[in-house]
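Colleague: Numbering (UniProt numbering), first residue to last: 1 to 285.
Input: one structure, supplied below.
Listed below in structure tokens is the structure:
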């Protein structure tokens, strides 16, 4: 079953002093384009988390967010008292003023807060890995559901193309008859004696030139193959894209050989259906 490259997954874990939120968002892309946002204290684990995500999401433009909110007494930032006092003394010597105002200004200065880097606790990282795994389940579920919508649309378009092809096949004898009549009329309009055998040979040549039997057979096979690939267990958007190109090639050849207005109108409808398939195909994993 096909999957969409569009998806969203989120999981929240509440620890004694922290609330950890993991978010994954994905859009279509030719390959995996992973952008990660996380607090600097967790950057040492970024490569490991990237590998986990890449093993589950093979394609798509993916935004990964790790958000940590402190909910307890624990904090990694402290007031740098010496720096704040030094700033206050300098400000007082310059302009004087209320002590609270001086303190407020000093706290806004560089290095007024100092942050001590702490190593990530392995137990905490285990919770983060769990959150990532759950978010991946959510985004893959989302992708599968979206893929189901795409699959139903593709099957409808393929059925439309098959019906149009049947109309082309039904119309083809009339087309060949009209081509023959046109050639006969063109010769008669010349008002010249024409060797009957030579004319018949030329007529056969032109009818073969306009023959679309092979194109009809190949197009029918490509449409069948597309439907079979849709029903396979894996999602292979690239393969479906290649089949779509072959379908387009046969439709274009039928259109160029048709030389018959009613059939060319059917070809235009076929191209319209195929274009809608190609637009949706950009989002298939």
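Glycine included, every Cβ here is placed at the ideal spot set by N, Cα and C.
1) Is residue 231 near residue 281, with beta carbons less than 7 angstroms apart?
2) For the region 239 to 253 against the region 137 to 144, do three or more pairs of beta-carbon atoms, one drawn from each stretch, fall closer than 8 angstroms, so that the two count as touching?
3) Does any CB atom of chain C fall closer than 7 angstroms to the CB of residue 110?
4) In chain order, what residues of the same chain have a beta carbon less than 6 angstroms from the beta carbon of residue 109, not counting five sequence neighbours either side?
5) Tell me whether residue 112 sits in a helix, a strand or coil according to DSSP, three-state version.
6) Which of the three DSSP states, helix, strand or coil, is assigned to residue 143?
7) For residue 137 and residue 9, what's the separation of their Cα atoms in angstroms?
8) Just checking my contact of residue 212 with residue 158 at CB under 8 angstroms: how many whole Å lie between their CB atoms?
9) Just how far apart, CA to CA, sit residue 131 and residue 61?
10) Hey, quick one: how far does the beta strand (DSSP E) through residue 14 stretch, first residue to last?
11) So the candidates are 37, 269, 83, 93; which of them puts its Cα closest to the Cα of residue 67?
12) In its own chain, which residues sit with a C-beta less than 8 angstroms from the C-beta of residue 149, not counting the 5 before and 5 after it?
13) Looking at the unbroken beta strand (DSSP E) that takes in residue 23, where does it start and where does it end?
14) In this structure, how does DSSP classify residue 4 when only helix, strand and coil are distinguished?
15) Can you check whether the CB of residue 106 is closer than 7 angstroms to the CB of residue 79?
16) Does the separation of the CB atoms of residue 257 and residue 210 fall below 7 angstroms?
17) Going by the beta-carbon positions, is the gap between residue 64 and residue 18 smaller than 7 angstroms?
18) DSSP has residue 66 in a bridge; who is on the other side?
19) Rounded to whole angstroms, what is the Cα-Cα separation between residue 127 and residue 103?
20) Please name the residue in 27, 42, 172 whose C-alpha comes closest to that of residue 208.
21) For residue 200 and residue 268, what's the separation of their Cα atoms in angstroms?
22) Check whether the Cβ atoms of residue 32 and residue 50 sit closer than 7 angstroms, and answer yes or no.
23) With H, G and I counted as helix, E and B as strand and the rest as coil, what does DSSP make of residue 234?
24) Short check: CB of residue 263 to CB of residue 180, under 7 angstroms?
25) I believe residue 235 touches residue 147 by the beta-carbon criterion, under 8 angstroms. Please report the beta-carbon distance rounded to the nearest angstrom.
Modeller: In short, the structure shows the following:
1) The count along the chain shown starts at 1 and reaches residue 231 at position 231. The count along the chain shown starts at 1 and reaches residue 281 at position 281. No, these two residues do not count as a Cβ contact at 7 angstroms.
2) no
3) The structure shown contains no chain C; it is built from a single protein chain.
4) Locating residue 109 in the chain shown gives position 109, where the first residue counts as 1. The answer, listed in chain order, is 87.
5) Walking along the chain shown from the start, residue 112 turns up at place 112. Reduced to three states, the DSSP call for residue 112 is coil.
6) Taking the first residue of the chain shown as position 1, residue 143 is located at position 143. DSSP places residue 143 in helix when its eight states are reduced to three.
7) Here the question's residue 137 lines up with position 137 in the chain shown. Here the question's residue 9 lines up with position 9 in the chain shown. Their backbone Cα atoms lie some 7 angstroms apart in a straight line.
8) One-based indexing of the chain shown puts residue 212 at position 212. One-based indexing of the chain shown puts residue 158 at position 158. Residue 212 to residue 158, Cβ: 20 angstroms. No contact.
9) As a position in the chain shown, residue 131 is number 131, starting the count at 1. As a position in the chain shown, residue 61 is number 61, starting the count at 1. If I take the Cα positions, the gap works out to 20 angstroms.
10) Within the chain shown, residue 14 is the residue found at index 14, counting from 1. Note, residue 14: beta strand (DSSP E), 7 to 14.
11) Counted from its first residue, the chain shown places residue 67 at position 67. Looking at the Cα atoms, 37 is the closest of the given residues.
12) Counting from one through the chain shown, the residue named residue 149 turns up at place 149. Cβ within range, chain order: 4.
13) Working through the chain shown from its first residue, we reach residue 23 at position 23. Where residue 23 is concerned, the enclosing beta strand (DSSP E) stretches over 18 to 27.
14) To locate residue 4, count along the chain shown from 1; it is residue 4. If DSSP states are grouped into helix, strand and coil, residue 4 belongs with the strands.
15) Taking the chain shown and counting its residues from 1, the one referred to as residue 79 is at position 79. Taking the chain shown and counting its residues from 1, the one referred to as residue 106 is at position 106. Result no, Cβ atoms of residue 79 and residue 106 do not sit closer than 7 angstroms.
16) Counted from its first residue, the chain shown places residue 257 at position 257. Counted from its first residue, the chain shown places residue 210 at position 210. Contact flag set, yes.
17) Here residue 64 refers to the residue found at position 64 of the chain shown. Here residue 18 refers to the residue found at position 18 of the chain shown. No, they are not a contact pair.
18) As a working note, residue 66 is residue 66 in the chain shown. 22.
19) The residue you call residue 127 lines up with position 127 of the chain shown. The residue you call residue 103 lines up with position 103 of the chain shown. Taking the straight line from one Cα to the other gives about 40 angstroms.
20) Taking the chain shown and counting its residues from 1, one reaches residue 208 at position 208. Cα-wise, what sits closest to residue 208 is 172.
21) Locating residue 200 in the chain shown gives position 200, counting from the first residue. Locating residue 268 in the chain shown gives position 268, counting from the first residue. C-alpha separation (whole angstroms): 32 angstroms.
22) In the chain shown, residue 32 corresponds to position 32, counting from 1. In the chain shown, residue 50 corresponds to position 50, counting from 1. Not in contact: residue 32 and residue 50 (Cβ atoms no closer than 7 angstroms).
23) If you number the chain shown from 1, residue 234 lands on position 234. Coil.
24) Numbered from 1 along the chain shown, position 263 holds the residue referred to as residue 263. Numbered from 1 along the chain shown, position 180 holds the residue referred to as residue 180. Their beta carbons are not under 7 angstroms apart, which means residue 263 does not touch residue 180 by this criterion.
25) By one-based count along the chain shown, residue 235 stands at place 235. By one-based count along the chain shown, residue 147 stands at place 147. Their Cβ separation, rounded to whole angstroms, is 6 angstroms, which keeps residue 235 and residue 147 in contact under 8 angstroms.
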